[in-house]
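Engineer: Here it is, the structure in full.
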Amino acid sequence: MQTGTIKWFDKTRGYGFIAPEDGSRDVLIHYSSIREEGFQSLNEGQKVEFESQLGPKGPQATVCVPYS
4 MQTGTIKWFD
14 KTRGYGFIAP
24 EDGSRDVLIH
34 YSSIREEGFQ
44 SLNEGQKVEF
54 ESQLGPKGPQ
64 ATVCVPYS
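In the numbering used here, the protein residues as written are 4 to 71.
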């Protein structure tokens, strides 16, 4: 899994972007990809582990797990 930081997350719309720690292109994150019980949103600056795949508009997280 890759690691990164939440760049921003719109709780109303349920999506945002992850800035990968390896410096690669920002990754779209949708709330349905969050794999932590009780989490439906993420906070700016929050650290996450994620897996991604190339979507129609660029990289998109398929699994996202917050960590400290």
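Using N, Cα and C, we set each Cβ at its ideal position, and we do this for glycine too.
1. What residue does the beta strand (DSSP E) around Y18 start on, and which one ends it?
2. For G48 and K10, I'd like the C-alpha separation in whole angstroms.
3. For K44, does the three-state DSSP call read helix, strand or coil?
4. Return the residue from the list K50, G61, P59, G58 that minimises the CA-CA distance to M4.
5. Pull up the distance between the alpha-carbon of I12 and that of I32, whole angstroms please.
Structural biologist: With the given structure in hand:
1. Its beta strand (DSSP E) spans residues 18-23.
2. Distance between the alpha carbons of G48 and K10: 6 Å.
3. For the record, residue 44 in the displayed sequence is Ser; it is not Lys. Correct three-state label for S44: coil.
4. Looking at K50, G61, P59, G58, the one whose alpha-carbon comes closest to that of M4 is K50.
5. Correcting the residue type first, residue 12 is Phe in the shown sequence and not Ile. Distance between F12 and I32, taken at the CA atoms: about 8 Å.
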